[in-house]
Amino acid sequence: MKKAILFMIISTFSFSLMNSFVKYLDHFPTFEIVFFRTIGSLILGTSYILIKGIPILGNSRKYMIFRALAGLTAMSLFFMSLKYLPVGTAVSLRYLAPVYAAIFAVFLLKERLKPIQWFLFLFAFAGVLVLKGFDNNINTTGLLLVLAASVFSGLVYVLIRKIGNSDHPLVIVNYFMFTGTVIGGILSINNWVNPVGVDWLLLSSLGIFGFFGQVFMTKAFQIAKTNLVAPLKYIEVIFTITVGIFWFGDIYSPWSLLGIVMIIAALIANVIIGKKQPN
């Protein structure tokens, strides 16, 4: 369990740095950032797949393409939201994705939810209302962008569940990274901004941090029970808020912090309760 905790801390810290760098690089067009984020992970992932002799095209190709498109949409919307919101707030709101995933699963996968889970989802959305309704500094455009991003992220979770164990996790991720590299590259051509100096290093690091964040998260889930490991994902919120305060000078009102705590507390409780529910 100690090793799983260490892996999750490394994972969440990697994702926190990646998101913070994206925030810092907000003077670059969104799809250029998407291009750099995905091409780095694509190179690392493809290299690993080829070295290990894993079939690179996989089996559930149709669903992996759908997952890639949904994931690309979610990533793009989230990166756009970082231009309007404090990075910690955006990350917290993106974590509403499991709520949408559960709702999608009810209708698409015929899964069941306990009444307490519906209450927790309402409690999480109440946190959003507190965050927006009592904090005038929360930008409406950014809020709508990150909420839309979380909807598509929720769809990603359901599509991955649909794919199941028929394909290697890295193959699924690689479809996503390939799609992001191609589409992000094409859409950024007309608005391309040439990186200068340290920007090259930061842009290049996005894919590396994203890749290692994914790898260490996967390792943590492989060696420990999901209901024990999954709540540790929300450490990312603490890391990111801390980075935002010290790097970007983000200021969080008491209402903002209350809304964030309500969202995260409801989702952690849902993870614990949901894993106790029989299939």
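All residue numbers in the sequence shown are consecutive under the working numbering, ending with 290.
We treat Cβ as the ideally placed atom computed from N, Cα and C, and that holds for glycine.
From this set, Leu214, Phe187, Ser267, which residue's C-alpha is nearest Ala81's C-alpha? Phe187
Give the DSSP-derived three-state secondary structure of Asp210 in the structure shown. helix
If you measure between the beta carbons of Arg78 and Val167, is that distance less than 8 Å? yes
Give the straight-line distance between the Cα atoms of Pro40 and Asn205, rounded to the nearest whole angstrom. 11 Å
Are there 16 or more other CB atoms within 10 angstroms of the CB of Pro97, so buried, or fewer, so exposed? buried
Helix, strand or coil for Asn290? Go by DSSP, reduced to three states. With a pLDDT of 44 at Asn290, under the threshold of 50, the modelled position of this residue cannot be trusted, and the question is left open.
Check whether the stretch 243-260 touches the stretch 24-31, counting contact only when three or more Cβ pairs, one atom from each stretch, lie closer than 8 Å. yes
Go ahead and label Leu88 buried or exposed: buried means 16 or more other beta carbons lie within 10 angstroms of its beta carbon, across all protein chains shown. buried
Give me the Cα-Cα distance between Phe163 and Asn147, rounded to the nearest whole angstrom. 26 Å
Leaving out the 5 sequence neighbours to the left and right, which residues in its chain are closer than 8 Å to Ile183 when beta-carbon positions are compared? Gly69, Met75, Arg78, Ile171, Ile174
N-terminal and C-terminal residue of the alpha helix (DSSP H) that Gly196 is part of: 180-198
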